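Quick mapping for you: the protein sequence lines, in order, are chains F and Z. So in the numbering used here, spot 12 of the first sequence is number 6, and the numbers just go up one at a time. So in the numbering used here, spot 57 of the second sequence is number 51, and the numbers just go up one at a time.
Protein chains: 2
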Amino acid sequence: MKDNQPILEVDRIIHEPARLLIVTILYTAEKADFLFLLNETGLTRGNLSTHLTKLEAAGYVNIEKSFRGKIPQTLCSLTPSGQEAFEKYRKQINQFLKRT
Amino acid sequence: MKDNQPILEVDRIIHEPARLLIVTILYTAEKADFLFLLNETGLTRGNLSTHLTKLEAAGYVNIEKSFRGKIPQTLCSLTPSGQEAFEKYRKQINQFLKRT
DNA sequence: CAAACCGGTTTGTAATACAAACTTGTTTAT
DNA sequence: ATAAACAAGTTTGTATTACAAACCGGTTTG
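Written out as structure tokens, the structure is:
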């Protein structure tokens, strides 16, 4: 058992492609609303919703609900913990893939 | 819906950390038996077995059973298709992570 | 005022990853 | 001899999932 298990411990919250995409967008965008993310990711509303909920539950994403006129709006942003987690994930994956 | 969905289509067979580790080892090792992989990955025998079966079912890994003396031996190697899939995966992930 | 639309959330289901139990045979003690 | 431990895997049981589809409360349109 060598020192190559780090990859076995990658953060599954972020490793999931749909969420990796969401987090990557939020990492650069600072803030994004539901419809923007919907458009950028191409996910269905249902799946975007559940992935955001999971990211929120992990403490990685902050979700604020408001209204723009009469229309509800959901604003999402990465928390500091989410940024950290993303950076760590990226480092882990890059390092691992460099081995070959 | 921009051109950033490729990440949503990564090969799930390879994306799974345990299998990514197995495939990475096989990519450089050419051939490896069950016990070697067991040792290198730190997986349990049960999980190593099922992941190998899944990789075999995907056509990514070739499994040959033989005996060394009276003891059974399972030799694993990447198929050409498995090598391709791994290279493609690596390219996809690297490219995606470069965006930030 | 009914039907379609918006911006989401909830639910149903099939696929999974892992742990634990099992299997088939071999070696070691007693 | 034969029971107990060991070796090399495989199978099974379970809890978690990711996705699709249905739903929902409000708003606009015909």
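Even glycine gets a Cβ: it sits at the ideal position worked out from N, Cα and C. It should be emphasised that the depicted structure is a prediction, and the values quoted were computed from it without experimental measurement.
With a threshold of 8 Å between beta-carbons, can residue i be considered close to chain F, or not?
i: THR22(Z); result: yes
i: THR47(Z); result: no
i: ARG84(Z); result: yes
i: PRO74(Z); result: no
i: THR44(Z); result: no
i: ALA51(Z); result: no
i: GLN77(Z); result: no
i: THR69(Z); result: The sequence shown places Leu at residue 69(Z), not Thr. Chain F, which has no Cβ nearer than 8 Å to the Cβ of LEU69(Z), makes this no.
i: PRO11(Z); result: yes
i: MET(-5)(Z); result: Here the model assigns MET(-5)(Z) a pLDDT of 47, short of 50, so the residue's position is not dependable, and the following value carries that caveat. Taking Cβ atoms only, chain F reaches closer than 8 Å to MET(-5)(Z), which makes this a yes.
Compare the C-beta of residue i with all C-beta atoms of chain Z and state if any pair is closer than 8 Å.
i: THR38(F); result: no
i: VAL4(F); result: yes
i: ILE7(F); result: no
i: ILE87(F); result: yes
i: LEU31(F); result: no
i: ARG93(F); result: yes
i: ALA26(F); result: no
Taking the continuous beta strand (DSSP E) assigned at residue i, which residues delimit it?
i: ILE65(Z); result: 65 to 72
To the nearest angstrom, report how far apart residue i and residue j are at their CA atoms.
i: LEU29(F); j: TYR54(F); result: 19 Å
i: ALA26(Z); j: LEU69(Z); result: 6 Å
i: GLU10(F); j: GLU24(Z); result: 29 Å
i: SER43(Z); j: LYS59(Z); result: 13 Å
i: SER71(F); j: GLU81(F); result: 15 Å
i: ARG93(F); j: HIS45(F); result: 31 Å
i: THR47(Z); j: ASN41(F); result: 30 Å
i: GLN67(Z); j: ARG39(Z); result: 13 Å
i: MET(-5)(F); j: GLU3(F); result: Confidence in MET(-5)(F) is poor, its pLDDT being 46 and thus under 50, which makes the residue's placement too unreliable to answer from.
i: ILE65(F); j: GLN89(Z); result: 37 Å
Residue range of the alpha helix (DSSP H) that residue i falls in?
i: VAL55(Z); result: It is not in any alpha helix (DSSP H) - VAL55(Z) instead sits in the beta strand (DSSP E) that spans 55 to 62.
i: ALA52(F); result: Counting along the chain, ALA52(F) falls outside any alpha helix (DSSP H), and DSSP gives it neither H nor E.
i: PRO11(Z); result: 11 to 23
i: THR102(Z); result: No information on residue 102(Z) is available, as it lies outside the stretch -5 to 94 that chain Z covers here.
Considering only their Cβ atoms, is the gap separating residue j from residue i smaller than 8 Å?
i: LEU91(F); j: ARG84(Z); result: yes
i: ASP5(F); j: ALA51(F); result: no
i: ILE8(F); j: LEU14(F); result: yes
i: ILE87(Z); j: ILE87(F); result: yes
i: ALA12(F); j: LEU49(F); result: no
Would you check whether the ligand GDP has a heavy atom nearer than 7 Å to the C-beta of residue i?
i: LEU46(F); result: Questions concerning the ligand GDP fall outside what the structure shown contains, since it holds no ligand whatsoever.
Exercise. Does the region 14 to 34 of chain Z come close enough to the region 22 to 35 of chain F to have 3 or more Cβ pairs within less than 8 Å?
Worked result: no
Exercise. Between the region -4 to 12 of chain F and the region 71 to 89 of chain Z, do three or more beta carbon pairs fall short of 8 Å?
Worked result: no
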